[in-house]
Amino acid sequence: SKLIMITAHRRENLGEPMKNMFKAINRIINEHPKVKAIYPIHMNPIVRKVADEVLGSNDRIRIVEPLEVVDFHNFLNASHMIVTDSGGIQEEAPSLGKPVLVMRDTTERPEGVEAGTLKLVGTEEEVIYKAFKDLLVNQESYDSMSKATNPYGDGFASKYIVDIILDQLK
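Given below as structure tokens:
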């Protein structure tokens with residue numbers, strides 16, 4: 555089975571945009587029996603209400619309380635892909651080789667879009683649905699995003715810094 559990580563909480567997406575996002579996710583999960591999702595839900599009562607209305611009855615979407623950072627990253631790592639409107643995850647997921655569908659019209663991380671690790675899909679149900687489905691059924695699309703070069707580095711920044719400091723101390 556394939557695990558999908560969901561995060562959604564942005565103020566600009568409250569109301570119809572969020573409902574559209576959740577409808578697209580629900581459709582995909584319903585159409586693909588081997589796909590499951592986990593959604594560590596935001597504390598905002600408006601987010602919770604919409605999530606419960608649209609996703610609450612789907613037994614393959616686990617809506618859970620916010621996770622501790624280690625648990626969250628373990629789930630990110632175990633996920634096949636991520637659908638989010640969050641900013642930080644756009645930087646974290648490419649380090650793990652996970653495609654990210656960004657449910658927003660803009661991002662503060664355009665380098666991820668340019669590198670191919672992120673795809674802006676907006677908040678229209680059909681656009682999200684098609685992009686999500688493409689990553690599930692089209693291995694070439696999935697590989698293109700999951701194997702794209704991480705624009706945020708290779709994870710060894712601290713080693714490089716230590717090496718430079720040690721070199722300066724010689």
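Going letter by letter, the sequence shown gives residues 555 to 724 in my numbering.
The C-beta atom is built at its ideal place from N, Cα and C for all residues, glycine as well.
Computed from a predicted structure; not experimentally measured.
(message) I want to know whether the segment 683-691 touches the segment 577-584 - three or more CB-CB distances under 8 Å.
(response) yes
(request) List the residues that DSSP assigns as beta-bridge partners of I560. (result) V637
(message) Quick check on Y593: does DSSP put it in helix, strand or coil?
(response) strand
(request) Could you spell out the range, first to last residue, of the alpha helix (DSSP H) harbouring L609? (result) P599 to L609
(message) Please classify L630 as buried or exposed, where buried requires at least 16 neighbouring CB atoms within 10 angstroms.
(response) buried
(request) Take the Cβ of Y714 as the centre, count every other Cβ of all protein chains shown within 10 Å, and call the residue buried at 16 or more, exposed below. (result) exposed
(request) Measure the C-alpha to C-alpha separation of D697 and V624 and round it to an integer number of angstroms. (result) 26 Å
(message) Relative to the C-alpha of T677, which candidate in P587, L568, K603 and I558 has its C-alpha closest?
(response) L568
(message) Between the alpha carbons of M572 and I600, how many angstroms are there, rounded?
(response) 10 Å
(request) Report yes or no: do the segment 603-622 and the segment 588-595 share at least 3 C-beta pairs separated by less than 8 Å? (result) yes
(message) Using a 10 Å radius around the Cβ and a threshold of 16 neighbouring Cβ atoms, would you call Q644 buried or exposed?
(response) buried
(message) I need the DSSP call for R663, collapsed to helix, strand or coil.
(response) coil
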